[in-house]
Amino acid sequence: MLPPIIIQPSIPPTDGSKSAAFIFVHGLGDEAEGVESALVLNVLVSLTLMPLIDIARQFQEAGKLPHMTWVFPNALENRDLATNAWYLPTRLSPYPPSRPELEDDEDEEGMLVTVKYLTSLIDDLVKQGFQEKRIVLGGFSQGHAMALLTGLVSGYAGKLGGLVGLSGYLPLPERIPALREEAGLSKEVHDDVELFLARGSGDRLVPKRYHRLCYEDLFGYGIKEGQVTIKEYEGMGHSMSGAELRDLCTWLEGVVPETR
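Counting the sequence shown from 1 gives a position; the numbering used here is that position plus 89.
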C-alpha cells in the first residue's frame, strides 16, 4: 500500500492543539493523486480529470482552511478487480430488490480491514498532537462508505469533529448496531459529531435512493437531524463540483474553525 499523501497547512498554527486535519478517502479505481472531479472553487465546471490533492491546494490558494492538514490515503490494488479498491463493490440498483435474499452480500471483511487502516491514520494524527474533535474523516464514493462506517463502528465513533460523505452510501446498514456492540459501543448512536452528506442529481452510479437510505438509517440509529447537513446538486453526476466544494469548505470552517 502506498503511504498517504499529506499536504501541510499553508499557515501552521503555533499551538498544536489548534491544528485541524481532514482525512479524505478516494473512491473505487482512483488514488490519492487523481480522481474524476470538477475541482474549481469559484465556478461550476464540467467533469475533468484533476488530482485529488488539488482540493487542498485550491482551498489554500483561496486562503481557505489555512490551518488544515490534508491526508489522502491510497487503497490497495485489488487483483480480482484489477484496480484500486477499499472493498469489493456490489451492484447498486435504483429500485428496491424484489427478492432481497438474492442480493449479493457486501464485502464486510474487506470493509473492516479498511476501517482498521483508516483508524490507524487517525491514531497517527492523535500521536502527533491533533485533538480528536479537530479531525474530520470523509470520502468520495467508496471513500464515502468507508468514512461513515469507520466513524460509526471504530474506537473513534463519536469522538471526531465531523464525517463527510460525497456521492456514496452507507454500507452494512443492518450490521452497524451489532458491529458497534462488538466494539464496546452502544447500539444506539448518540454520537456528538457533525455530518455533511452530498450527491449530484445526475449520479447514475449511486442512485438517489441510497442517499435517502443513508440519512434515514443514520436518523434511525439515533443521530439527530440537526447534526446532518444534506445537499443535492442539480445536474452533477458521479463527481464533485465547485458548488459542492464551496459548501464543504463553509461546513469545515464551522466544524473545525481556525482559532488564534
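Glycine included, every Cβ here is placed at the ideal spot set by N, Cα and C.
Where Phe97 falls, given that 16 or more other Cβ within 10 Å makes a residue buried: Sequence index remark: in the sequence shown, residue 97 carries index 8 (1-based). First, the residue type needs correcting, since residue 97 is Gln and not Phe in the sequence shown. The residue in question, Gln97, is exposed, as its Cβ has fewer than 16 Cβ neighbours within 10 Å.
On the CB-based measure, 16 or more other CB atoms within 10 Å of its CB, does His279 come out buried or exposed? Numbered from its first residue, the sequence shown carries residue 279 at position 190. When all chains shown are included, His279 counts as exposed.
Drop a sphere of 10 angstroms on the beta-carbon of Met325, count the other beta-carbons inside from all chains shown, and report buried for 16 or more, exposed for fewer. Here residue 325 corresponds to residue number 236 of the sequence shown, with the count starting at 1. The residue is buried, with at least 16 neighbouring Cβ atoms inside 10 Å.
In whole angstroms, give me the CA-to-CA distance for Ile265 and Leu274. As a position in the sequence shown, residue 265 is number 176, starting the count at 1. As a position in the sequence shown, residue 274 is number 185, starting the count at 1. Looking at the two C-alpha atoms, the distance is approximately 11 Å.
State buried or exposed for Ala151, treating a residue as buried only when at least 16 other CB atoms are found within 10 Å of its CB. Within the sequence shown, residue 151 is the residue found at index 62, counting from 1. Exposed: under 16 other Cβ atoms inside 10 Å.
Less than 8 Å between the CB atoms is what I'm expecting for Leu226 and Gly240, so what's the real figure, rounded? Position 137 of the sequence shown, counting from 1, holds the residue named residue 226. Position 151 of the sequence shown, counting from 1, holds the residue named residue 240. Yes, Leu226 and Gly240 are in contact; Cβ-Cβ is about 6 Å, under 8 Å.
Answer yes if the segment 156-163 comes into contact with the segment 99-118, meaning at least three C-beta pairs across the two stretches below 8 Å, and no otherwise. yes
Thinking Tyr322 and Ser290 are a contact (beta carbons under 8 Å), I'd like their distance in whole angstroms, please. Translated into positions along the sequence shown, residue 322 becomes position 233. Translated into positions along the sequence shown, residue 290 becomes position 201. Correct: roughly 7 Å between the Cβ atoms.
Selection from Gly232, Glu333, His327, Val282 that minimises the alpha carbon distance to Lys313: Locating residue 313 in the sequence shown gives position 224, counting from the first residue. Per the Cα distances, Val282.
Do you know whose CA, among Ser187, Asp119, Arg301, lies nearest Leu165's CA? On the sequence shown, position 76 is the one that residue 165 refers to. Closest option to Leu165, Cα to Cα, is Asp119.
With 16 other CB atoms within 10 Å as the buried threshold, where does Arg293 fall? Taking the first residue of the sequence shown as position 1, residue 293 is located at position 204. By the 10 Å Cβ count, Arg293 comes out exposed.
Could you give the distance in angstroms between the alpha-carbon of Val344 and the alpha-carbon of Phe148? For the purposes of this step, residue 344 is taken as residue 255 along the sequence shown, with counting starting at 1. For the purposes of this step, residue 148 is taken as residue 59 along the sequence shown, with counting starting at 1. Those two C-alpha atoms are separated by around 16 Å.
Just to confirm, are Asn163 and Leu207 a CB contact at a threshold of 8 Å? On the sequence shown, residue 163 is found 74 positions in, with the first residue counted as 1. On the sequence shown, residue 207 is found 118 positions in, with the first residue counted as 1. Going by C-beta atoms, Asn163 is not nearer than 8 Å to Leu207.
Could you pull out every residue in the same chain whose Cβ sits closer than 8 Å to the Cβ of Leu249, ignoring the five residues on either side in sequence? Translated into positions along the sequence shown, residue 249 becomes position 160. Result list for Leu249: Ile211, Glu221, Lys222, Ile224, Val225, Leu226, Gly240, Val282, in chain order.
If contacts are defined as beta-carbon pairs under 8 Å, then Phe229 and Gly257 qualify, I think. What distance do you get, rounded to the angstrom? The residue labelled residue 229 in the question sits at position 140 within the sequence shown. The residue labelled residue 257 in the question sits at position 168 within the sequence shown. Confirmed, about 7 Å.
For Gly105, is the classification buried or exposed, using 16 other Cβ atoms within 10 angstroms of its Cβ as the cut-off for buried? Counted from its first residue, the sequence shown places residue 105 at position 16. Under this definition Gly105 is an exposed residue.
Pairs of beta-carbons, one from the segment 165-182 and one from the segment 198-206, closer than 8 Å: are there three or more? yes
DSSP puts Gly228 in a beta bridge; with which residues? Your numbering for residue 228 matches position 139 in the sequence shown. Answer by DSSP bridge pairing, in chain order: Val114, Gly254.
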